[in-house]
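S.K.: Going letter by letter, the sequence shown gives residues 1 to 834 in full-length UniProt numbering. Glycine included, C-beta positions come from ideal geometry on N, C-alpha and C. As the structure is a computational prediction, the values presented were derived from the model and not from experiment. Please read through the structure below; I'll follow up with questions.
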Amino acid sequence: MPSSLDKYQAKRNFAETPEPAEGGESVAGQLQFVIQKHWASHLHYDLRLELDGVMKSWAVPKGPSLDPSHKRMAVQVEDHPISYNSFEGQIPAGHYGAGKVIVWDKGLWLPLADPEEGYRKGKLQFALQGHKLGGQWTLVRMKGKEGERQPPWLLIKEADDFARKAEELDIVTAQPDSVASAQRAVGTKTRAAPAAQPIKSIKPSRAKTTALPTSMAPQLATLYDAPPQNAEDWAWELKFDGYRMAARKKGRQLQLWTRNGKDWTAKMPALAAALQHLQLDNAWLDGEVVALNDQGLPDFQRLQNAFDGEGTTDLVYYLFDLPFANGQDLRGQPWQARRDALQAALDASPGLGDKVRISEGFAGDPVQLLASACALGMEGIVGKRKDASYRAGRSADWIKLKCGQRQEFVIGGYTRPKGTRSGLGSLLLGVHGSQGQLVYAGNVGTGFNESSLRALTVQLQKIQTKTCPFSDPERIEYEALWVKPQLVAEVAFAGWTGQGRLRHAVFHGLREDKPASHITREKAATMPARKKAQPAASGIEVSHGDRIIDASTGVTKLDVVRYYEQVAPLMMEHLQDRPTSLMRTPDGVAGEHFFQKHWQVRAMAGIVQLPQSLDPEHPPLLAIAGAKGLAQAAQFNVVEFHTWNAKRDKILRPDRMTFDLDPGEGVAWSAVREAAELVRVLLLELGLEPFLKTSGGKGLHLVVPIQRRHDWDTVKGFSKAIVQHLAATVPQRFVAKSGPQNRKGKIFVDYLRNGWGATTVSAWSVRARPGTGVSVPIAWSELDQVSGGAHWGIQSVQTRFSKGNSPWKGYAKAAVSMGPAMQRLGYSASATKA
């Protein structure tokens, strides 16, 4: 039993409360979330995220808000078992948490960064895929009061397609009920549905007023082999494994139409009834009908079973477009405007329930989004150009990127079964060629179960014929029974042979929504080549090289890549063999920064993972192997490089101490220079020789080489003692406590960079801040000529290359044992261990 559940179990008497004591199963590659609405002594909402085999839990008194300006307090509580995710019921009076509990929302959560590291550091960034909540969110731990047992966090909605201002939609008020039960929560009231309103997000001058057409041809996505170069101009959605379906609503008449124009309303009465609650009239909606498995993911086989007799009551309709609404033709409007109108319509229709949902939209790197979709077992992702109108047929305004190869094929025959197998052996598949002929594409003999074999055999026997439907029967090596080319199979496969045959095909089901005559071989279009820049040294291709990284200087991504190529010979002297952390700024220095200490799935040439044994409790550390690693990292939006105070071959013994002079508010640069000289004097008196560099930001760094004789705790403890001595001796200049309030008018000498796993920005690294300053080694004799910590920037530092690392001449020979210096200061290593 996980020890983290001890608190949970100690608070409950499971002989009297219906809550589960333990249990629940994780699903490989997926992380569950649940939000439970809890009428305890005070109504609150419990957010639970699956991590490390349990549900990490936070009590959110006001519930989640879709408004990014609302920062909801979230108090962390004890871990819960995964089995608690399905708990609904009444906790008896007199017991811990007494009151009613319902499952308000549930689904999957997708970490956008290393979740263990984020949880440990107090910043979890993730996307939710729930019935009510979607998009990107952040949980940030605040600094609690001294002695506080339950650390407070903030739950924040990030600005994306799912964000809504509070005055537009209060999600906990608009959707108060359980997603797991139709039973109303105690004390909630039924709200009258608002009347249909004009679509406010569409400019009336641009939307045409028109009679609602009786039919509508859908827009289709084109398969591509790579994402577009201007990915920021696109919105991304998951590609569902279901049936494309359009809904037509006129007055009380509601119809559901397949892609090939068949009326399937009678097949899905529950969906049709739910759509009657939609607060729109004279409307066409576009979406996909799916059947969800137990993990909340689309399951095509389950969808087929629903239509084959198991019932369509549980089907879900994901909406993703609104071509017509309230008498307006919106097809000429940009995708973003139609999307906003669709969201507004759903927000105004609380009676829809969870059978009708909006397809979640994502912003960000499509390569990473595709990887996440594939990890979930989805088909892929669909990209939609934000400024594009709705156009019938296939175009490049909608594109699809697939996790693997999968498409529809026409069934032209089948082979007899062998051995103990019943029904059929394999299906003979084909696609239509350029002249309309059916071309043989190979066989599929796996992916069936006994039920599907029986049902499919009956269907095939009904359309059996003596005539081979394929135009090239000489290519078929099997004795087959021919059928009329009417049925369409969906098949996944590993690829095509040189002879145009499928490799490793797997049957997924029949497609009743697509006519056999439309089936052709799907070939991925090649995305137009990205604009390339060939940096002089490495020759790597730089995507979005003209993207502005720093608006204050106009520095571009290409400038950063080329700088690191130029400075590599100097910078590698400081990076060589040291664990290195990377600071990524995909949206420039003014955007969010991502700090990467450990190896991730995506490999980058020239960046290597160090042995796991160096830091066994975490993923492998990183190191830069050479000039190409610097440039490649910059291509992946890395701006800053931070290094450890130890090398990989002896990681438990630091080889340097670092003192970061961090000036507080109101401290003049001249005072920073004088402070550096004072620190230098003290270090020299202790027998330690400091070397100087600008920080690239506001201050200076003093780096002291030492012999590798002491452990991390001793080095950090001694550096702290040095700083405390400075603060006690010259209190008008120095403080030994961090925090803006402590260093007003003074300088904090940061010794915390000397602890295990802590890092300092490397010499020659650019800083991810306005001005893009550079950390540059300097001689003590040059200090008076330096105007600030960012004296050199990325556009001016080239004048410094000729001096290079010469100001640190003698650095290696200056390393001495800390023992004598510790004795001179009266510091004992045993004090660190106490």
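Can you list, in chain order, the residues of its chain whose CB lies under 7 angstroms from that of I519, leaving out five sequence neighbours each side?
M.R.: Cβ within range, chain order: E408, F409, V410, V431, H432, V488.
S.K.: Report back the beta-carbon spacing between L424 and L401 to the nearest angstrom; my notes put them in contact at under 8 angstroms.
M.R.: About 34 angstroms; that fails the 8 angstroms criterion.
S.K.: Between the C-alpha atoms of Q276 and Q405, what's the straight-line distance to the nearest angstrom?
M.R.: Using only the alpha carbons, I get a separation of about 37 angstroms.
S.K.: Along the chain, where does the alpha helix (DSSP H) that runs through Q729 open and close?
M.R.: For clarity, residue 729 is Thr in the given sequence; the question names Gln instead. First-last of the alpha helix (DSSP H) with T729: 712-729.
S.K.: Relative to the C-alpha of C403, which candidate in V356, K650, V316, C374 has its C-alpha closest?
M.R.: C403 has its Cα closest to that of C374, out of V356, K650, V316, C374.
S.K.: Quick one: complete beta strand (DSSP E) runs, 3+ long, within the segment 71-100?
M.R.: Runs of the beta strand (DSSP E) inside the segment 71-100: 71-80, 89-91.
S.K.: By Cβ distance below 7 angstroms, which residues in the same chain neighbour S99 in space, the five residues on each side in sequence not counted?
M.R.: The displayed chain sequence assigns Gly, not Ser, to residue 99. Closer than 7 angstroms at Cβ, skipping near neighbours: H38, W39, A40, I91.
S.K.: Leaving out the 5 sequence neighbours to the left and right, which residues in its chain are closer than 7 angstroms to R475 when beta-carbon positions are compared?
M.R.: Y440, listed in sequence order.
S.K.: Taking DSSP as the reference, what is the three-state secondary structure of F300?
M.R.: Reduced to three states, the DSSP call for F300 is helix.
S.K.: Assuming T580 is part of the alpha helix (DSSP H), what are its boundary residues?
M.R.: Per DSSP, T580 belongs to no alpha helix (DSSP H); it is in the beta strand (DSSP E), 580-584.
S.K.: Using DSSP with H/G/I as helix, E/B as strand and the rest coil, what is V601?
M.R.: Low local confidence applies: a pLDDT of 45 at V601 is under 50, so the model's placement there is unreliable, with the coordinate-based value given in what follows. Reduced to three states, the DSSP call for V601 is coil.
S.K.: Based on Cα-Cα distance, which residue from G664, A671, L702 lies nearest to L682?
M.R.: That would be L702, whose Cα lies nearest to the Cα of L682.
S.K.: What's the call for K106, buried or exposed, on a 16-neighbour Cβ count within 10 Å?
M.R.: Classification of K106: buried, given that the 10 Å Cβ count is 16 or more.
S.K.: Scan the segment 369-443 and note each continuous beta strand (DSSP E) run of 3 residues or more that stays entirely inside, going in chain order.
M.R.: Within the segment 369-443, the complete beta strand (DSSP E) runs of at least 3 residues are 380-385, 393-402, 405-414, 427-432.
S.K.: Taking Cβ to Cβ, would you say E565 is nearer than 8 angstroms to N805?
M.R.: No, the Cβ-Cβ distance between E565 and N805 is not below 8 angstroms.
S.K.: Quick check on the burial criterion: 16 or more other C-beta atoms within 10 angstroms. Buried or exposed for Q741?
M.R.: Q741 should be labelled exposed.
S.K.: In whole angstroms, what separates the C-alpha of S762 from that of V797?
M.R.: So the alpha carbons of these two residues sit roughly 15 angstroms apart.
S.K.: Helix, strand or coil: how does DSSP classify D649 here?
M.R.: Three-state DSSP puts D649 in a helix.
S.K.: Going by the DSSP bridge assignment, what does S57 pair with across the sheet?
M.R.: The partner list for S57 (beta bridge, DSSP) reads R48, V77.
S.K.: Please work out which residues of its chain come closer than 8 angstroms, Cβ to Cβ, to A671, disregarding the five sequence neighbours upstream and downstream, and give them in chain order.
M.R.: Same-chain partners within the cutoff: P663, R733, I747.
S.K.: According to the Cβ coordinates, are residue 870 and G788 closer than 8 angstroms?
M.R.: In this structure the chain extends from 1 to 834, so residue 870 is not present and cannot be described.
S.K.: Taking the alpha carbon of D314 as the reference point, which residue from G377, D587, A273 has its own alpha carbon closest?
M.R.: Of the listed residues, the one whose Cα sits closest to D314 is A273.
S.K.: When the Cα atoms are used, what is the spatial distance from A337 to R331?
M.R.: If you take the alpha carbons of A337 and R331, they lie about 10 angstroms apart.
S.K.: Just mark E490 as buried or exposed, buried being the case when its beta carbon has 16 or more other beta carbons within 10 Å.
M.R.: Answer is buried; the Cβ neighbour count reaches 16.
S.K.: Excluding five sequence neighbours on each side, which residues of the same chain lie with their C-beta closer than 8 angstroms to the C-beta of A392?
M.R.: Correct list, in chain order: M216, A217, P218, Q219.
S.K.: Taking its Cβ as the centre, do 16 or more other Cβ atoms sit within 10 Å of L303, making it buried, or is it exposed?
M.R.: By the 10 Å Cβ count, L303 comes out buried.
S.K.: Confirm, please, whether the CB-CB distance from V749 to W764 is below 8 angstroms.
M.R.: No; because the gap between Cβ atoms is not below 8 angstroms, this pair is not in contact.
S.K.: Since I believe P68 is in contact with A159 (beta carbons under 8 angstroms), could you give me their beta-carbon distance rounded to a whole number of angstroms?
M.R.: Right, their Cβ atoms sit about 5 angstroms apart.
S.K.: Taking contact to mean at least 3 C-beta pairs separated by less than 8 angstroms, is the segment 168-178 in contact with the segment 281-292?
M.R.: No: fewer than three Cβ pairs fall under 8 angstroms.
S.K.: If you draw a straight line from the C-alpha of K132 to the C-alpha of A812, how long is it?
M.R.: Taking the straight line from one Cα to the other gives about 60 angstroms.
S.K.: Does DSSP put R454 in a helix, in a strand, or in coil?
M.R.: Helix.
S.K.: Just to confirm, does D559 get its C-beta within under 7 angstroms of one of the non-hydrogen atoms of the ligand SAM?
M.R.: The ligand content of the structure shown is nil, which means the ligand SAM is not present either.
S.K.: Among the residues of its own chain, which have a CB less than 8 angstroms from the CB of L352, if the five just before and after it don't count?
M.R.: Answer for L352: A274, L275, H277, L278, L346, listed in chain order.
S.K.: Go through its chain and collect everything with a Cβ distance to L124's Cβ below 6 angstroms, but skip five positions before and after it.
M.R.: Hits under 6 angstroms: G118, L139.
S.K.: Rounded to whole angstroms, what is the Cα-Cα separation between A10 and T17?
M.R.: Between A10 and T17, the C-alpha separation is close to 13 angstroms.
S.K.: Excluding sequence positions up to five away, which residues of its chain have a Cβ less than 7 angstroms from the Cβ of Y96?
M.R.: K11, R12, listed in sequence order.
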